[in-house]
Amino acid sequence: MAPQIVSADAFPGDLLLFPELTSLHRFDLQDGSSLKNYWINPGLNLFYGLDQGRFRFLLEWLVDRSAQEVQRLQLGWRWQDTTFWVGRFHNPIGYWNIHFHHGAYMMTSITRPGVMTYETSGGPLPMHVTGLYVEGVRELGDSSLYYVLNAGVGPDLEKKRLDAFDVLDPEGTRLPAVTLRLGYQPVSFGSDEIGFSFSYTEISGRRIGVDRINQIVAGVFANWRSENLGFLGEAFYIHNDFTGGASEPESDVLNLYGQAEWRVADDLTLYSRIEGTFNDNGDLYFDHFRNFVRDRYMGGVRYELPYKMALKLELSREHTRDDAFGQVGLQWSAVFP
0 MAPQIVSADA FPGDLLLFPE LTSLHRFDLQ DGSSLKNYWI NPGLNLFYGL DQGRFRFLLE
60 WLVDRSAQEV QRLQLGWRWQ DTTFWVGRFH NPIGYWNIHF HHGAYMMTSI TRPGVMTYET
120 SGGPLPMHVT GLYVEGVREL GDSSLYYVLN AGVGPDLEKK RLDAFDVLDP EGTRLPAVTL
180 RLGYQPVSFG SDEIGFSFSY TEISGRRIGV DRINQIVAGV FANWRSENLG FLGEAFYIHN
240 DFTGGASEPE SDVLNLYGQA EWRVADDLTL YSRIEGTFND NGDLYFDHFR NFVRDRYMGG
300 VRYELPYKMA LKLELSREHT RDDAFGQVGL QWSAVFP
């Protein structure tokens, strides 16, 4: 099945490099589309984790065509089963954004679900928050309850896309953000998990003609794995309340996706994902994200190469605000050492 998340615990004091080369070919684009028929993206993700005694440190830095910035920078202090972090981190919305980071090798698929797309690639939700982050585990016999709580500042919407707080370039209007996530694992430290998350974010929204967007994202998730089969599904309810000049006082959007995986052999995995967004047509907020993939039907194959490398081939039919098109993706990814 898909490799699990690399953590500071797994590689204490180690530097990991995640290079990738991704090629996307789109066909049947609408006339006048802003999307390119062909797009190639070389990228390098640097991940460093240090865990010494009670002190923890985590750094993730990404360089590719859409971003050249520190994605995560966290200083932590462990107390019993709880770690207190300060810095910039992944917003613990749902499952995907916690368990898969910017290293392409870590995901079975080439693409992330549309609703989980990072801000720099035009995603509609705050994937990064800067502030205080608390995570821990409570063992319940053979099972475990994992909890995450964060509070800090989120992105603004004064540009064409969401702009997450950059610790090296802290410009923009920053408003409060808070998220709670609870996950239950029937077997402690296993892969199976169910849970929910709830986040509240205030976003400066003068770009879309409002003073502020009060956004609530409530989600449920389930991840199940057997020896050769796996399933991951999430559902999100997104409520936007607009203040200061909006003709539409509020909106409610529902997003769902499910991904299934079949490990045919030790080095070969087939996978498929279906995504859907509902009640977003004419929505003041979502209309701003013209390239947000609101619907997708996708299938792919991942082949493991020696020396912790992988090749992926992905075919999909996608629907954005302005386009309905087909896409072929090819990706080489790796992790070193």
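Residues 0 to 336, numbered by numbering that gives the first Met the number 0, are exactly what the sequence shown covers, in order.
Glycine residues also receive a C-beta, built at the ideal position from the N, C-alpha and C atoms.
Predicted model, so just to flag it, every value in this text is computed and none were measured.
Excluding the 5 residues flanking it on each side, VAL62 has same chain C-beta neighbours closer than 7 Å at GLY42, LEU43, in chain order. Counting only residues of its own chain and dropping the five nearest sequence neighbours on each side, LEU304 has no CB closer than 6 Å to any other CB. Taking a 10 Å sphere around the C-beta of SER198, we find 16 or more other C-beta atoms and assign the residue as buried. The straight-line gap separating the alpha-carbon atoms of TYR236 and ILE215 is approximately 8 Å.
If you draw a straight line from the Cα of GLY244 to the Cα of VAL209, it is about 5 Å long. The C-beta distance from GLY151 to THR129 rounds to 5 Å, short enough to meet the 8 Å contact threshold.
Cβ neighbours of SER271 within its own chain (closer than 6 Å, five residues either side excluded): ALA259, GLY298. The beta carbon of SER203 lies closer than 7 Å to those of ASP155, LEU156, GLU157, THR172, LEU174, ARG211 in the same chain, with the five residues before and after it left out. Excluding sequence positions up to five before and after ASN213, its CB lies within less than 6 Å of the CB of GLU201, ASP240, all in the same chain and listed in chain order. The three-state reading of DSSP puts ASP286 in helix, counting H, G and I together.
Counted as a single uninterrupted DSSP element, the alpha helix (DSSP H) harbouring ILE97 occupies residues 95 to 98. Listed in chain order, the non-local C-beta contacts of PHE17 below 6 Å within the same chain comprise ASN44, GLY102, TYR104, VAL334, local neighbours out to five positions each way being set aside.
A contact is defined here as three or more CB-CB pairs under 8 Å, and the stretch 176 to 191 meets this definition with respect to the stretch 124 to 144.
By the 16-neighbour rule on beta-carbons within 10 angstroms, ASN278 is exposed. Rounded to whole angstroms, the gap between the alpha carbons of PHE291 and LEU310 is 25 Å. ILE215 sits in a strand when the DSSP states are folded into three classes. The three-state secondary structure of THR129, taken from DSSP, is strand. Non-local beta-carbon contacts of GLN330 in its own chain, meaning distances under 6 Å to residues more than five positions away in sequence, involve THR21, ILE109, LYS311 in chain order. Taking a cut-off of 8 Å on C-beta distances, the stretch 43 to 57 does not touch the stretch 23 to 31, as fewer than three cross pairs fall below it. In this structure, the CA atom of TRP76 is about 15 Å from the CA atom of LEU148. For the 8 Å CB-CB criterion, GLY218 and PHE195 form a contact. Every beta strand (DSSP E) stretch that sits fully inside the stretch 173 to 243 and reaches 3 residues is listed by chain position as 175 to 184, 192 to 203, 211 to 224, 228 to 242. Put simply, of LEU253, ASP322, GLY153 the residue whose alpha carbon is nearest the alpha carbon of ALA234 is LEU253. Under the three-state reduction of DSSP output, VAL166 falls in the coil class, being neither helix nor strand. GLU19 and MET308 have their C-alpha atoms spaced approximately 10 Å apart. DSSP places ILE109 outside any beta strand (DSSP E), giving it a letter other than H or E.
In chain order, TRP261, ARG262 place their CB closer than 7 Å to the CB of ASN227, counting only its own chain and leaving out the 5 sequence neighbours on each side. Listed as beta-bridge partners of PRO18 by DSSP are LEU43.
One thing to note: GLY121 has its Cβ within 8 Å of the Cβ of PHE288. If you ignore the 5 residues before and after LEU179, its C-beta comes within less than 6 Å of the C-beta of LEU148, PHE197, all in its own chain and listed in chain order. Counting along the chain, ILE92 sits inside no beta strand (DSSP E), nor does DSSP assign it H or E at all.
Look at TYR104 here: in three-state DSSP terms it is helix.
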